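Below is one structure; the comments refer to it alone.
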Amino acid sequence: MIILFTDFGPDGPYTGQVRAVLQQQAPGIPVISLFADLTPFDIQAAAYLLPAYAAGFPPGSVFICVVDPGVGGVRPGGLVRADGRWYVGPDEGLFTILTRRAHHVECWELPHPATASPSFHARDVFAPLAARLARDGSFGAGPVASAADARPEWPDELHQVVYIDRYGNAITGTRAVAVPGAATLNINGHALSRARTFSDRPSGEAFWYANSSGLVEIAVNRGRADRQLDIAVGTPFEVS
Amino acid sequence: MIILFTDFGPDGPYTGQVRAVLQQQAPGIPVISLFADLTPFDIQAAAYLLPAYAAGFPPGSVFICVVDPGVGGVRPGGLVRADGRWYVGPDEGLFTILTRRAHHVECWELPHPATASPSFHARDVFAPLAARLARDGSFGAGPVASAADARPEWPDELHQVVYIDRYGNAITGTRAVAVPGAATLNINGHALSRARTFSDRPSGEAFWYANSSGLVEIAVNRGRADRQLDIAVGTPFEVS
Amino acid sequence: MIILFTDFGPDGPYTGQVRAVLQQQAPGIPVISLFADLTPFDIQAAAYLLPAYAAGFPPGSVFICVVDPGVGGVRPGGLVRADGRWYVGPDEGLFTILTRRAHHVECWELPHPATASPSFHARDVFAPLAARLARDGSFGAGPVASAADARPEWPDELHQVVYIDRYGNAITGTRAVAVPGAATLNINGHALSRARTFSDRPSGEAFWYANSSGLVEIAVNRGRADRQLDIAVGTPFEVS
Numbered sequence: 025m026i027i028l029f030t031d032f033g034p035d036g037p038y039t040g041q042v043r044a045v046l047q048q049q050a051p052g053i054p055v056i057s058l059f060a061d062l063t064p065f066d067i068q069a070a071a072y073l074l075p076a077y078a079a080g081f082p083p084g085s086v087f088i089c090v091v092d093p094g095v096g097g098v099r100p101g102g103l104v105r106a107d108g109r110w111y112v113g114p115d116e117g118l119f120t121i122l123t124r125r126a127h128h129v130e131c132w133e134l135p136h137p138a139t140a141s142p143s144f145h146a147r148d149v150f151a152p153l154a155a156r157l158a159r160d161g162s163f164g165a166g167p168v169a170s171a172a173d174a175r176p177e178w179p180d181e182l183h184q185v186v187y188i189d190r191y192g193n194a195i196t197g198t199r200a201v202a203v204p205g206a207a208t209l210n211i212n213g214h215a216l217s218r219a220r221t222f223s224d225r226p227s228g229e230a231f232w233y234a235n236s237s238g239l240v241e242i243a244v245n246r247g248r249a250d251r252q253l254d255i256a257v258g259t260p261f262e263v264s
Numbered sequence: 025m026i027i028l029f030t031d032f033g034p035d036g037p038y039t040g041q042v043r044a045v046l047q048q049q050a051p052g053i054p055v056i057s058l059f060a061d062l063t064p065f066d067i068q069a070a071a072y073l074l075p076a077y078a079a080g081f082p083p084g085s086v087f088i089c090v091v092d093p094g095v096g097g098v099r100p101g102g103l104v105r106a107d108g109r110w111y112v113g114p115d116e117g118l119f120t121i122l123t124r125r126a127h128h129v130e131c132w133e134l135p136h137p138a139t140a141s142p143s144f145h146a147r148d149v150f151a152p153l154a155a156r157l158a159r160d161g162s163f164g165a166g167p168v169a170s171a172a173d174a175r176p177e178w179p180d181e182l183h184q185v186v187y188i189d190r191y192g193n194a195i196t197g198t199r200a201v202a203v204p205g206a207a208t209l210n211i212n213g214h215a216l217s218r219a220r221t222f223s224d225r226p227s228g229e230a231f232w233y234a235n236s237s238g239l240v241e242i243a244v245n246r247g248r249a250d251r252q253l254d255i256a257v258g259t260p261f262e263v264s
Numbered sequence: 025m026i027i028l029f030t031d032f033g034p035d036g037p038y039t040g041q042v043r044a045v046l047q048q049q050a051p052g053i054p055v056i057s058l059f060a061d062l063t064p065f066d067i068q069a070a071a072y073l074l075p076a077y078a079a080g081f082p083p084g085s086v087f088i089c090v091v092d093p094g095v096g097g098v099r100p101g102g103l104v105r106a107d108g109r110w111y112v113g114p115d116e117g118l119f120t121i122l123t124r125r126a127h128h129v130e131c132w133e134l135p136h137p138a139t140a141s142p143s144f145h146a147r148d149v150f151a152p153l154a155a156r157l158a159r160d161g162s163f164g165a166g167p168v169a170s171a172a173d174a175r176p177e178w179p180d181e182l183h184q185v186v187y188i189d190r191y192g193n194a195i196t197g198t199r200a201v202a203v204p205g206a207a208t209l210n211i212n213g214h215a216l217s218r219a220r221t222f223s224d225r226p227s228g229e230a231f232w233y234a235n236s237s238g239l240v241e242i243a244v245n246r247g248r249a250d251r252q253l254d255i256a257v258g259t260p261f262e263v264s
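Protein chains in written order, with the numbering used here: chain A, 25 to 264; chain B, 25 to 264; chain C, 25 to 264.
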């Protein structure tokens, strides 16, 4: 299985162009778009989502991970094998949290591409590599071993919103297991306690909970937390 | 074929996570997203779309239907077989109109899940059940027969807008066969007559017509009915 | 491979309904959505995108191309074979630039459909034809040979924005090979010079470049060109 984890946006050409490469170079292998709406340019937010949302995929899965403000420049491409899954994409920090949490990690740096479009490495570099990995688990000559953690200064738990979903729920860069159940989350002047799920609170009440992928999420039962609490990707919070 | 009929929104993770489960548990069975942009929390609007848009799918098709404001609470999960197609999802009224119109209906209530995430039954309960149904038409032990119609008070034809499409056309909860061709639709102070299709009216003129799925739809030739008539999901109309 | 090139929008029912037809009539043939967010009603903008974005697909690919403000009226349906690829869709100019640039072109006009929905030829006419072409390269009886170029008055290079992507980059209807590298693009009072790619410019600086599909694109490094330069689909520019 090949999984797309990108900021390509809803229904423009980039997802389709990458799918076309995969279809030709890895025919018959299913391709699933997990995120197409990561915040453009925000590598850090994506880095905290990746390990939480990759955890449900089987060994051998290949992730194409693209939040790439530096495309065409000197930033290296990265290839990571973590706990049996493969990850390819620009390596400016996107794999930092993933590799820090994994039990078994190998990392490689990709050679700078000679012929790729300077603005679309996802199509010309990462998709062909992902296709090869998905076909036979090999990646050919070129990649050289590298250090795992491009952003050692990033914290293990990020006390910020990293994604707003369709319902206005705010997913954070903090794992629920790292926060005591009795803790209060303070965000934009609001103090939120923990609930098990939406229907445990009255309509319109804000709370935090452990979402279905293990992250702290801020929500409002039958309402939009983003608007009600005036929060967006990047909004910080405190735990007390 | 498995069909997704949800409010998961464009390109966030939930559709991908459900697809990943289906890929693993029903490999090789095609999955099609029919609606991903149903209005969040609006079970009634979705209920009137479902039978109209399901009608084109072949026998044996399995629909995963999710508009689920009550996820994690006491609301039951439902399994419906109607005219040879399967439907799984939260049962708070979503299947009401479907079952009322079908010729052959069987309904079951799903047991409350022991291990599912309290906020993502689509991934943990409905997708695995849909995969099993799509594989071999069976659903194992657990579901118990139930009554079909969770919302008997809902009318057969809903005189409200239930969906605004990409072009600003307003699809309603009323079947075109239930409205005389000479009828006038009155909505927000506008009186609309029937046309066969868009190009039969001058640019900018509003009208109603029988859309390609048999529902009354309000539209403007080469314009947006939602803006021009100031209508949204939930706007009522009268037939005279 | 069947490719969707439409204005159906993100995640509404129309893409799913077309996919359902293709799944039933061309089972096993992959379907890729290349564009689902073409500007509604803007045939000309789409016409300049089509040849640039179709170029990467293999011979035998079948494109379903739909920007169809005239659906249900007298406008003909078209079938085009250009350089080994097939294209079906309403023929009001959408194939003009494609056919003008191709080396080998054959065109047919489709018979007016007897039974199709007057508002959804994509589902009832174009998808079944595409399925047949993808299955065995045949199109049965009915289509008659026609002239290629429905809009001979359209220029070879359109000096207008034809698409705004997810990042706010503005793709134009002009091929990069038709513009000298030293040229200045003048748009809305801004004079832009050419860059190789994003990272060659400081953050926040606007420029033009040859995008990964060969078109002139106007962009801002780590910013949104559409907002910064106040441009939209249809905004004209001059080359000096």
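Where a beta carbon is used, it is the ideal one built from N, C-alpha and C, also for glycine.
None of these values were measured; they are calculated from a predicted model.
By the neighbour-count criterion, in which 16 or more other beta carbons inside 10 Å mark a residue as buried, residue 112 of chain A falls on the buried side. In summary, residue 93 of chain B is buried, with 16 or more beta-carbon neighbours lying within 10 Å of its beta-carbon over all protein chains present.
It is roughly 31 Å from the alpha-carbon of residue 219 of chain C to the alpha-carbon of residue 127 of chain C. The Cβ atoms of residue 258 of chain C and residue 199 of chain C do not sit closer than 7 Å to each other. Counting along the chain, the unbroken beta strand (DSSP E) around residue 112 of chain A starts and ends at 109–114. Per DSSP, the continuous alpha helix (DSSP H) segment holding residue 43 of chain A begins and ends at 37–49.
Inclusion of residue 46 of chain C and residue 151 of chain C in the CB contact set at 7 Å is warranted, their separation being smaller than that value.
Between residue 261 of chain C and residue 209 of chain C, the C-beta gap is smaller than 7 Å, which places the two residues in contact. Taking the beta carbon of residue 218 of chain A as reference, no residue of chain B falls within 8 Å; the closest one sits roughly 12 Å away.
Taking C-beta atoms as the reference points, residue 187 of chain C and residue 64 of chain A fail to come closer than 7 Å. Taken through DSSP and simplified to helix, strand or coil, residue 159 of chain A comes out as helix. At a Cβ-Cβ threshold of 7 Å, residue 179 of chain B and residue 125 of chain B do not count as neighbours. Nearest CB-CB separation between residue 166 of chain B and chain A: not below the 7 Å threshold. Listed by position along chain A, the residues whose Cβ is nearer than 9 Å to that of residue 88 of chain C form an empty set, because the closest Cβ is around 13 Å away. Rounded to whole angstroms, the gap between the alpha carbons of residue 142 of chain C and residue 97 of chain C is 8 Å.
Residue 80 of chain C reaches chain A at 41, 44, 45, 147, counting residues in chain order whose Cβ is nearer than 9 Å. Sequence-distant partners of residue 122 of chain A (beyond 5 residues in either direction) whose C-beta falls short of 8 Å from its own C-beta, in its chain, are 71, 74, 75, 78, 104, 106, 111. Using a Cβ-Cβ cut-off of 8 Å, residue 190 of chain B is close to 31, 32, 33, 34, 36, 38, 64 of chain C, given in chain order. Cβ contact annotation for residue 227 of chain B (same chain, cutoff 8 Å, sequence separation greater than five): 245, 246, 247, in chain order. Proximity of residue 57 of chain C to chain B, defined by a Cβ-Cβ separation below 7 Å, is not satisfied. Using beta-carbon distances, residue 258 of chain C does not count as an interface residue toward chain B, since no partner is under 7 Å. Scanning its chain for C-beta atoms nearer than 6 Å, with the 5 sequence neighbours on each side dropped, one finds around residue 28 of chain A the residues 57, 88, in chain order. Ranked by Cα distance from residue 195 of chain C, the first of C:184, C:116, C:66, C:59 is C:184. Between the alpha carbons of residue 173 of chain B and residue 66 of chain B lies a distance of about 17 Å. Taking every protein chain shown into account, the CB of residue 223 of chain C has 16 or more other CB atoms within 10 angstroms, so this residue is buried. Contacts between residue 97 of chain A and chain C, judged by CB atoms closer than 9 Å, involve 221, 222, 223, 224 in chain order. The C-alpha of residue 51 of chain B lies about 38 Å from the C-alpha of residue 138 of chain C. DSSP links residue 184 of chain B through a beta bridge to B:260. Taken through DSSP and simplified to helix, strand or coil, residue 136 of chain A comes out as coil.
Between residue 249 of chain A and residue 212 of chain A, the C-beta gap is not smaller than 7 Å, which leaves the two residues out of contact. Taking the C-beta atoms as reference points, residue 133 of chain B is found nearer than 7 Å to residue 100 of chain B.
Residue contact check for residue 141 of chain C against chain B: a CB pair falls below 7 Å. Beyond the five residues adjoining it in sequence on each side, residue 148 of chain B comes within less than 7 Å, by CB distance, of 137, 140, 141 in the same chain, given in chain order.
Taking the Cα positions, residue 84 of chain C is about 27 Å away from residue 234 of chain C. By the C-beta density criterion, residue 158 of chain A is buried, having at least 16 other C-beta atoms within 10 angstroms. Within chain C, the C-beta atoms nearer than 9 Å to that of residue 144 of chain A come from 235, 236, 237, in chain order.
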